[in-house]
Each structure stands twice: as C-alpha cells, then as structure tokens.
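Take a look at the structure below.
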C-alpha cells in the first residue's frame, strides 16, 4: 500500500484518481490544486508517490517536478496529462518524473504506473 498525493486543478480528476487508488488499497494522504500547494504538501506529508497534473494555475506540474526533486531527489512522481501534451511529458520525465498517465484515466494503466514507480 502506498501513500499518495494527488495534484490536479480539477476536483473531478482528483476524485476519479482517488477512487481508483483507494479501490486498489492505496491511501490518498493529500490533494493539491496547483504546483505550489504540491510542493508544500510534499514536504509536509512525504508521500510515497505523487500524481502531478502538467497544466495548472499558479505553478505548472513541470515546475513542481523540478522543485520537488530539489527537496527530494528520490521523489516518485507520475505525470498526468491530456492528449497532445507529449512534449511537456518528455520535459517532465527529463526533469525527474518516472512515468505518466493520460486523461481520461484508464484504471489498469494507473495501477501499472503506480506499481512501476514503487518497484
């Protein structure tokens, strides 16, 4: 069981992801709406995994990855992106994200990504 921080500016997306994760017995220990909140919660909660939306107000997921990796080089981050954001996904992976999932979320793909980063 992993302790997971979900970051997305859309409440519906956070809810959808939380439901998938809880069904697989993972614990959602926090939710954030933007990259700035993500960093603060990451430092405070020290989650096992972070799911991070790429496009958000205040601070993008891309900036947040870099910032989180400065605090914790071992952070396990999975990017969430809409179709057509491949270029940003590549940048995020170069910045230290370990995997990515595409919206709308496919349950088996989400679980596969979580399993992979926890190994």
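Residue numbers (UniProt numbering): 1 to 119. The C-beta atom is built at its ideal place from N, Cα and C for all residues, glycine as well. Since the structure is predicted, the reported quantities are computational estimates derived from the model, not experimental observations.
Open item on the list: With DSSP as the reference, identify every bridge partner of residue 30, one or two as the case may be.
Closed with: Among the bridge pairs identified by DSSP, residue 30 is matched with 5.
Task: Length-filtered (3 minimum) beta strand (DSSP E) runs lying within the UniProt domain "Response regulatory" (3-118) - done: Counting only runs of 3 or more, we get 3-7, 27-32, 49-53, 77-81 and 99-102.
TODO: Check whether the Cβ atoms of residue 92 and residue 77 lie closer than 9 Å to each other.
DONE: Yes; because the gap between Cβ atoms is below 9 Å, this pair is in contact.
Open item on the list: Does the contact criterion of 3 or more C-beta pairs under 8 Å hold for the stretch 40-52 versus the stretch 62-77?
Closed with: Contact holds: three or more Cβ-Cβ distances are below 8 Å.
- [ ] Compare the C-alpha of residue 94 against each of 2, 36, 32 and 62 and name the closest.
- [x] Ranking 2, 36, 32 and 62 by Cα distance to residue 94 puts 62 first.
- [ ] Could you work out which residue in 68, 15 and 80 is closest to residue 56 when comparing CA atoms only?
- [x] Ranking 68, 15 and 80 by Cα distance to residue 56 puts 80 first.
Task: 8 Å contact criterion, which residue 4 and residue 29 should meet: CB distance rounded - done: In this structure residue 4 is in contact with residue 29, their Cβ atoms being roughly 7 Å apart against a cut-off of 8 Å.
- [ ] Can you tell me which of 116, 67 and 33 puts its alpha carbon nearest to the alpha carbon of residue 15?
- [x] The shortest C-alpha to C-alpha distance from residue 15 to any of 116, 67 and 33 is the one to 33.
TODO: Can you tell me the Cβ-Cβ gap for residue 53 and residue 102, rounded? I've got them flagged as a contact below 8 Å.
DONE: 12 Å between Cβ atoms; not a contact.
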